[in-house]
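The block underneath contains the structure these notes are about, expressed in structure tokens.
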Amino acid sequence: MTAMTTSPPSATERPAPTPRKKPFPWAGIGRGLGIAAIVITFVAPLLWMLSASFKTNVDIYDSSKAIFFSPTLDNYHTVFAQAQYAKYIWNSFFVSLVATLLSLVLAVPAAYSMSRFSMKRSAMVVLLARIIPGVSLLVPWYLVFAQLQLVGTYTVLIMSMMFVSLPLILYIMISYFDSMPEELEESAQVDGLTAIGAFLRVTLPLSMPGVATATILSFIFAWNNFLFALVLSGADTKTLPVAIFDFVGYASIDWGGLMAAAVIVTLPIMLFALFTQKYIVSGLTAGATKG
3 MTAMTTSPPS ATERPAPTPR KKPFPWAGIG RGLGIAAIVI TFVAPLLWML
53 SASFKTNVDI YDSSKAIFFS PTLDNYHTVF AQAQYAKYIW NSFFVSLVAT
103 LLSLVLAVPA AYSMSRFSMK RSAMVVLLAR IIPGVSLLVP WYLVFAQLQL
153 VGTYTVLIMS MMFVSLPLIL YIMISYFDSM PEELEESAQV DGLTAIGAFL
203 RVTLPLSMPG VATATILSFI FAWNNFLFAL VLSGADTKTL PVAIFDFVGY
253 ASIDWGGLMA AAVIVTLPIM LFALFTQKYI VSGLTAGATK G
């Protein structure tokens, strides 16, 4: 009895492949509309602020000139010539920079120690500085610093900004150091380095993306801080967020000057965040996985 052999089906006999289903066209349209709605929601106030800074107060109240109007630079002339905003820009930059640098010097070694020695309770104590509302500390701070004759000085502003910056840097760097293997430091110590030397020459250079992220976010938070600067600054140390209120009076509000001042406050920090966004993203995602 001979075995029956079957030949493979020819190309004409093979079943035709089932066509792939085309993606539902409304899905892409809905996604695009959702993205457009989000972008418009966030960008529209900024565009209105920018356009209002080139309008007179009469044009701002005139709805017919919401889009088409005759631009003017009088608001910016008022801000820089009469309000001395160049001085306020320097105050904000100086206070934010010094507060960020001092916070880095204190927070980075502290974050390394808390990470390597599992000092979770100490980290929770520092976290309370982020949980406690800042307004609850203003009255005792003002009384203490007034007795020390520090109210209105750069010193008290820098210290108050560090109250915001230091816990932020600390928690960013703790998560970053947790993701770094300890074997790198152990190998460096086997080669003859001390624990401090291994930190300075191995761990710290490898953690620079996290340090850059913490620096950028700390500077942005310090630049935008309003509450502490409002209470603790003086006429010569006033920062930009506080100086904006010079355009708000009891009887009227100079909306054109107010919007021009708001653009001056917002534009530098927006450009700074735009050009450093890749460092922020890389630093925040670098500590997302451990090992």
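So for the sequence shown, the numbering used here puts the first residue at 3; every next one is plus one.
C-beta atoms are modelled at their ideal positions from N, C-alpha and C, and glycine is treated no differently.
Owing to the predicted nature of the structure, the values given are computational and were not obtained by experimental measurement.
Residue i - partner residues in DSSP beta bridges
i, result
"Ile-255", "Val-250"
Residue i in three-state terms, based on DSSP
i, result
"Met-121", "coil"
"Asp-64", "coil"
"Phe-221", "helix"
"Pro-73", "coil"
"Met-116", "helix"
"Phe-96", "helix"
"Asp-238", "coil"
"Leu-276", "helix"
"Ile-266", "helix"
"Lys-57", "coil"
"Gly-34", "helix"
"Ile-325", "Summary: the structure shown does not reach residue 325, with the chain confined to residues 3 through 293, and so no result is reported for it."
"Leu-195", "coil"
"Asn-227", "coil"
"Pro-183", "coil"
"Gly-154", "coil"
"Ser-209", "coil"
"Met-149", "For clarity, residue 149 is Gln in the given sequence; the question names Met instead. Note: Gln-149 maps to helix in three-state DSSP."
"Thr-291", "Here Thr-291 scores only 49 on pLDDT, less than 50, and its place in the model should not be relied on; the value that follows carries that caveat. DSSP places Thr-291 in coil when its eight states are reduced to three."
Pair within 7 Å by beta-carbon distance, residue i and residue j
i, j, result
"Pro-169", "Ala-131", "yes"
"Glu-330", "Ala-200", "As shown, the chain starts at 3 and ends at 293. That puts residue 330 outside it, with no answer to give."
"Asp-61", "Lys-67", "yes"
"Ser-94", "Leu-242", "yes"
"Ile-160", "Val-100", "yes"
"Ser-220", "Ser-105", "yes"
"Ala-117", "Ile-176", "Here residue 117 turns out to be Ser, not Ala, going by the sequence shown. In contact: Ser-117 and Ile-176 (Cβ atoms closer than 7 Å)."
"Phe-179", "Tyr-114", "yes"
"Val-233", "Leu-150", "no"
"Leu-208", "Gly-136", "no"
"Phe-70", "Lys-57", "no"
"Ile-266", "Trp-225", "no"
"Pro-264", "Val-81", "For clarity, residue 264 is Ala in the given sequence; the question names Pro instead. Not a contact, by the Cβ cut-off of 7 Å."
Whole-angstrom C-beta distance between residue j and residue i, which should lie under 8 Å
i, j, result
"Phe-223", "Ser-167", "6 Å"
"Ala-237", "Tyr-90", "Going by Cβ atoms, the distance from Ala-237 to Tyr-90 rounds to 11 Å, so no, they are not a contact pair."
"Lys-102", "Thr-239", "According to the sequence as given, residue 102 is Thr; it is not Lys. Incorrect: roughly 17 Å between the Cβ atoms, too far for contact."
"Met-51", "Met-261", "5 Å"
"Ala-54", "Gly-258", "7 Å"
"Met-163", "Ser-98", "7 Å"
"Ile-255", "Phe-247", "Contact flag wrong, Cβ pair sits at about 10 Å."
"Val-213", "Val-110", "7 Å"
"Ile-218", "Thr-268", "Their Cβ separation, rounded to whole angstroms, is 16 Å, which puts Ile-218 and Thr-268 out of contact at 8 Å."
Min CB distance residue i to chain B below 7 Å
i, result
"Val-41", "Within the model displayed, chain B is absent; a lone protein chain is all it includes."
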